[in-house]
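Participant:
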Amino acid sequence: MAEKKLTPMMQQWHEIRAKLSDDTLLMFRLGDFYEIFLQDAEWGAKLLGITLTHRHGMPMAGIPYHAADTYMQKLLDQGVKIAICDQMETPKPGKLVKRELTRIITPGTRLADTQIDANRNHYLLALELDKKGLNAAWLDLTTGEFVLAREARPENLFAAFEGIDPREIIVPEAAATEWSKKTHEHGFNELYQHICAGRAVTSIPDYHFDLSSGAQSVMDALGVLNLEGFGLDRKHPALGAAGALVHYATETLCAKPENLRRLKEYSSEKTLLLDPATLRNLEIFKSAANTRQGSLIAAMDETVTAAGARLLERWLCAPELDVEEIQRRQNCVGEFVTAPGLSTELQTLLKGIRDIERILGRLQNRMRNPRELGGVRDTLNALPAIAATLLEFPDTPVAAIAERIYDFGPLCDTLDRGLADELPGKIDDGGTIRDGFDEELDHFRSLTRDSQKWLSEFELAEQERTGIKNLRIRYNGAFGYFIEVTKSNLALVPEDYIRKQTMKNAERFTTEVLKEREREILHAEENAIGREETLFNRLISEILEYADNLKITAEALAEIDVFIGWAVLAREWDYCKPELDHSDQLLIDQGRHPVVEQMMRNERLGLAGTHAFVPNDCRLSSSGKGEAAPQIALITGPNMAGKSTYIRQVALIVLMAQSGAWVPARSCRLGLVDRIFSRVGASDELARGNSTFMVEMNETANILNNATPRSLVILDEIGRGTSTYDGLSIAWAVIEHLHPKDASGARTLFATHYHELTQLAKTLNRLENYSVAVKEWNDEIIFVRQVIKGAADRSYGIQVARLAGLPSTVIDRAKTILERLEADDSSHNLLRKRMKKEKSGDDTRDEDEQLALF
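Below, the structure is given as structure tokens:
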């Protein structure tokens, strides 16, 4: 049987579909619908929950063109790539409409404001591993931010990846297979699997990562002849990954990305590093419940603009090591702290600012609608008032930011004159250009308005001539203008009426006069829309002539937004301006946990305006010298007393300080920290075969192998995931490793329930014991939450168990067992005996030196 011949339109569909990968769904524009055919229809109907139909045995489904954004978002949320094929010309009878791929939307290349989180960057990441290390590049197409990096130690970059949270990762095809099978140097395979977990990964041919062609692609995208202006050599190893991003962006945009203007290099040596475990343990971007609420960024975010919120996220992701930059940010915050009235005024003005960075990204990449131009107009109208208010900060760092806010007077005037007050969602809806802006457009509109008046008068005249009172002049896209007469009045229809269409309850007619007028009306409307599109595109071109200055202005406004938000926090919560230097000291006076403090106030509505949080001091130094004597603070005390909160708050204060913010303390002096390491809480990775204890040991190993004397280490309950004596031995050895005999070590807070470890203070000269104070009353404990010098005498575990509601029989039995254990030789005494032997050089072990339970 001969194969059925395809229609021209389906031939067109097959030609376009052949260019796409199997994991991409093609949406094919047919008039007022996007149609989905064949295998795509079966797939898409299931994903969207829409009706699957068949025509001549061919599966098909469709969605309304005007509601497409909603359906596309549903597909994107399920990780589906979408190819958009649009009509490139007005349909004409008997002619195949020209269609082209106009966009491929993937998880990392979304641009529409309905498809992205306004307050977060939307990154596409490319990774390439060679024998000398990891090459990477990341790009946010919505803002044009473009970064590359080269790192000999891949793990130093994965902290940055965790922070930027890429929506899609691009890798070479061959490497993707290899990475899934082999374990590379520095444990790259494990790190790679971690960063890719839960994210879309797309493999592309390896040749797209070629260094030479990648460098050329990047230069072409940036519109430059070389990369020297960005401080880069064209042989930079990461340019292959950067070129792969440009290729992928070009392929998905179906055109070269037009909003790439700058290329920056990320260096882990210039940033306070936070590994993935630390980001998770300190709940920087997400709480333990995997929500933004309860995280550090939520507690620090008082921004009122989307660009400000994104900048805050980038700064927390990569805290500074440059003291001058940190102090610039601190001083800007300080100016707004001392000027609450002006700060409030500026914040109110900033609320009227639209997201210029992303509007430019869409306009430059051919996603254009009238309301985007209205956003530019509204922002430009708000700038003079912002600039005038910033003049109140002369000769300050704020004034330097104000200099980056440009004057757009001519552009603002053009947009005010050219754009209507109320703008439609699409240009072909009409009404974008203001009356009086263009004589030619006004002429076409006048013809259209006159025609509408003529139609009304013609309708009245025909009603009188025929005697048909319900005669109506109507219009639709298929039949144009017509006279509609109900069937009950057909006997009154004049002979000069020409039948046009028969309906169930009415007949539709036309006349020679109406046909002639119809041609004039439709011609005027078509000319009006065409002229409006021409003027609309001219306005876009004029805006894009100012694109670079608009982007610089947007960046300045985002900084002001962040600084004012931090100033609001500083005033409301009594934060201080920290001192930063290159010493090895860490001195915090009356420090507080920024997140817990806010949550406590919210929970204690009756104490609004007071600080219910109990503050604590911290004194550390790498060398064990100077004002902050200990290098390691060993902290003991019961559960629920606040050990974990205390050590985390110290780490968060350091992170906040090096981001440039003020901090929750009475005073703070900080010698710059190069890395923050944390091992806090219990978690497992059962899917990867890692128990809770294995995860704990992996994270501890990372700390011991990478911490430097300039690092800050916080450790909580090391060794608790195994038997008592295994865990105690591991914790003891870890402390000794962190305390080099003749050298400085990482500033360390070590919280533990192993009271035996307090004996280490006698042999390790840079370790000091601290405890969280509690008060006892009638065999019950009261948590004071005050960290004091000296070791805790016991853990109060049974009292805490009573507070948790364990049955009284269990509590009483536990007391009996505890008394029995304490009557025997304790591990505390045996460890002290062992330490005495080690100190004297005696390495022999007595037979009775076995830590037995009974």
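Taking our numbering, the leading residue of the sequence shown gets 366, the next gets one more, and so forth.
All C-beta atoms in this analysis are idealised placements derived from N, C-alpha and C, irrespective of residue type, glycine included.
1. Is Met423 helix, strand or coil when you go by DSSP?
2. How many Å lie between Glu885 and Leu738 at the Cα?
3. Assuming Gln817 is part of the alpha helix (DSSP H), what are its boundary residues?
4. Does the stretch 691-709 come within contact of the stretch 865-883, defined as at least 3 CB pairs closer than 8 Å?
5. Could you check whether the stretch 654-668 touches the stretch 612-622, counting it as contact only if at least three pairs of C-beta atoms, one from each stretch, sit closer than 8 Å?
6. For Ile863, does the count of other Cβ atoms within 10 angstroms reach 16, so buried, or fall short, so exposed?
7. So for Lys834, helix, strand or coil by DSSP?
8. Beta-carbon separation of Arg810 and Ala674 under 7 Å?
9. According to DSSP, is Ser1043 part of a helix, a strand, or is it coil?
10. Any idea what DSSP makes of Pro472, helix, strand or coil?
11. Can you confirm whether the stretch 503-510 touches the stretch 471-488 when touching is taken to mean that 3 or more C-beta pairs between the two stretches lie within less than 8 Å?
12. Are the CB atoms of Ile1153 and Ile1079 nearer to each other than 7 Å?
13. Is it buried or exposed, Leu857, if we count other Cβ atoms within 10 angstroms and call 16 or more buried?
14. Would you please state the rounded distance, in angstroms, between the beta carbons of Gly726 and Asn624? I believe it to be under 8 Å.
15. Buried or exposed: where does Tyr572 fall if 16 or more other Cβ atoms within 10 Å of its Cβ makes it buried?
16. Quick check on this structure: which residue in Trp503, Cys941, Leu836 and Ser1032 has the alpha carbon closest to the alpha carbon of Asp982?
17. Which runs of the beta strand (DSSP E) at least 3 residues long sit entirely within the stretch 866-914? Give them in chain order.
18. Considering only the beta carbon of each residue, do Gly579 and Gly605 sit closer than 7 Å?
19. Which same chain residues, not among the five before or five after Lys370, have their C-beta less than 6 Å away from its C-beta?
20. Grouping DSSP H, G and I as helix and E and B as strand, with all else coil, what is Leu492?
21. Relative to the alpha-carbon of Ser577, which residue among Leu587, Ala609, Thr567 and Lys942 has its alpha-carbon at the smallest distance?
22. Could you work out which residue in Ala525, Leu413 and Ala747 is closest to Arg719 when comparing CA atoms only?
23. Which term fits Met1021, buried or exposed, when burial requires 16 or more other beta carbons within 10 angstroms of its beta carbon?
24. Nearest-angstrom Cα distance between Arg736 and Ala912?
25. How would you label Phe844, buried or exposed, when you count the other beta carbons within 10 angstroms and need 16 or more for buried?
26. Can you find the residues in the same chain that come closer than 8 Å, C-beta to C-beta, to Ser538, ignoring five residues on each side of it along the sequence?
27. Enumerate in chain order the residues of its own chain whose CB-to-CB distance from Val465 is below 6 Å, with the five nearest sequence positions on each side excluded.
28. Tell whether a beta-carbon distance below 7 Å holds between Ile721 and Ala919.
29. Give a yes or no on contact between the stretch 388-399 and the stretch 424-443, applying the rule of three or more CB pairs nearer than 8 Å.
30. Contact between the stretch 924-931 and the stretch 641-649 is defined here as three or more beta-carbon pairs at a separation below 8 Å; is this criterion met?
31. Does DSSP put Gln1151 in a helix, in a strand, or in coil?
32. Express the C-alpha separation of Thr1001 and Val1252 in angstroms, rounding to a whole number.
33. Pair every Cβ in the stretch 488-498 with every Cβ in the stretch 514-523, then say whether three or more of these pairs are closer than 8 Å.
34. Pro334 to Leu952, Cα distance in whole Å?
35. Which value, in whole angstroms, describes the spacing of the CA atoms of Trp680 and Leu441?
36. Applying the 10 Å Cβ sphere with the 16-neighbour rule, what's the burial state of Pro995?
Facilitator: This is what the structure holds:
1. strand
2. Those two C-alpha atoms are separated by around 31 Å.
3. Glu804 to Thr831
4. With contact defined as three or more Cβ pairs closer than 8 Å, the stretch 691-709 and the stretch 865-883 are not in contact.
5. The answer is no - the stretch 612-622 does not touch the stretch 654-668, with fewer than three Cβ pairs under 8 Å.
6. exposed
7. coil
8. no
9. strand
10. coil
11. yes
12. With a cutoff of 7 Å on beta-carbon distance, Ile1153 and Ile1079 are scored as not near each other.
13. exposed
14. Indeed they touch by this definition, with Cβ atoms about 5 Å apart.
15. exposed
16. Ser1032
17. If only complete runs of 3 or more residues are kept, the stretch 866-914 shows the beta strand (DSSP E) at 871-875, in order along the chain.
18. Cβ atoms of Gly579 and Gly605: closer than 7 Å.
19. none
20. strand
21. Ala609
22. Ala747
23. buried
24. 17 Å
25. exposed
26. The question names Ser, yet the displayed sequence has Glu at residue 538. Answer for Glu538: Ser568, Ile569, Pro570 and Asp571, listed in chain order.
27. For the sequence presented, residue 465 should be read as Glu rather than Val. These residues qualify, in order along the chain: Met453.
28. yes
29. yes
30. Because the criterion of three Cβ pairs below 8 Å is not met, the stretch 924-931 and the stretch 641-649 do not touch.
31. strand
32. As displayed, the chain neither begins before 366 nor continues past 1219, which places residue 1252 out of reach and without an answer.
33. yes
34. A question about residue 334 goes unanswered here, because the residues of the chain that appear run from 366 up to 1219.
35. 28 Å
36. buried
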